[in-house]
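Participant:
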Amino acid sequence: MPAAVTQAPTARLDLRDRSVLVIEDDLRAQDAMSALVAQWGCRPIVASSTGEALRKVAAERRRPDLVLADYRLGDGLTGVQAVHALARSVGSIPAILVTGDTDPARLRDAQASGIPLLHKPVREAQLRAAIEGLFLPA
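Position one of the sequence shown corresponds to residue 1 (my numbering), numbered consecutively onward.
Written out as structure tokens, the structure reads:
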């Protein structure tokens, strides 16, 4: 069953000082996503590939609070694989996948991961609701 993204909670979660690892190989999308989370007071860590994400997390010496990962990355891996590699390295991290992919097989694979999935273009309110849904109790 695919992970459901909850509706926006009534209380706004304070996201200030949370570190968000943005794994996105499209530089425009990477810039937009990192600027948005920075606007909310988060500290973005940006990476274009799984390997770069692992190196940056190791250099931070602190596990990110959240991972936002594109589903198809330029290194031939998926965001799901990146999230699993990070979990093996530093432990489980809440994550959200984003994709512009429309291929039914890829979408099924992404949904089967159990990681919440958002479709590009992602609206600000939609992303905020998904993030809050991961951190606020149901």
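Positions of the beta carbon are idealized from the N, C-alpha and C atoms, including for glycine.
Report the three-state DSSP secondary structure of V122 (helix, strand or coil).
Facilitator: Reduced to three states, the DSSP call for V122 is coil.
Participant: Check this for me: beta carbons of T50 and L77, under 8 angstroms apart or not?
Facilitator: Yes; because the gap between Cβ atoms is below 8 angstroms, this pair is in contact.
Participant: Unbroken beta strand (DSSP E) runs of length 3 or more, entirely within the stretch 22-47: which are they?
Facilitator: Runs found: 43-47.
Participant: Are L136 and L13 close, meaning C-beta to C-beta below 8 angstroms?
Facilitator: Yes. Within cutoff.
Participant: How should D70 be labelled, buried or exposed, when 16 other C-beta atoms within 10 angstroms of its C-beta is the threshold for buried?
Facilitator: Flag for D70 reads buried.
Participant: Would you be able to state if there are at least three C-beta pairs under 8 angstroms between the stretch 55-69 and the stretch 29-45?
Facilitator: Flag = yes, the stretch 29-45 and the stretch 55-69 touch.
Participant: Can you grab the Cα-Cα spacing for the pair C42 / S19, in whole Å?
Facilitator: The straight-line gap from Cα to Cα measures roughly 6 angstroms.
Participant: Among the residues of its own chain, which have a CB less than 6 angstroms from the CB of L97, if the five just before and after it don't count?
Facilitator: For L97, where only same-chain residues beyond five positions count, the Cβ hits under 6 angstroms are A69, Y71, G79, A110, I115 and L117.
Participant: Between I131, R28, A130 and R62, which lies nearest to L86 when the distance is taken from Cα to Cα?
Facilitator: Checking every option, the nearest Cα to that of L86 belongs to R62.
Participant: Taking the alpha-carbon positions, what's the T6 to A125 distance?
Facilitator: With a pLDDT of only 46 at T6, under the threshold of 50, the placement of this residue in the model should not be trusted; the figure read from the coordinates follows. Their backbone Cα atoms lie some 12 angstroms apart in a straight line.
Participant: Where does A8 land, buried or exposed, given buried means 16+ other C-beta within 10 angstroms?
Facilitator: Below a pLDDT of 50, predicted positions are generally treated as unreliable, and A8, at 45, falls in that range; no measurement from the model is reported.
Participant: Indicate the three-state DSSP secondary structure (helix, strand or coil) for R106 in the structure shown.
Facilitator: Residue state, collapsed to three classes: helix.
Participant: Within a Cβ cutoff of 7 angstroms, which residues of the same chain sit near V90, ignoring the five residues on either side of it in sequence?
Facilitator: Only V57 and R63 meet the Cβ criterion.
Participant: Please report the straight-line C-alpha distance between I93 and A53, rounded to a whole angstrom.
Facilitator: Cα to Cα, the separation comes out at about 13 angstroms.
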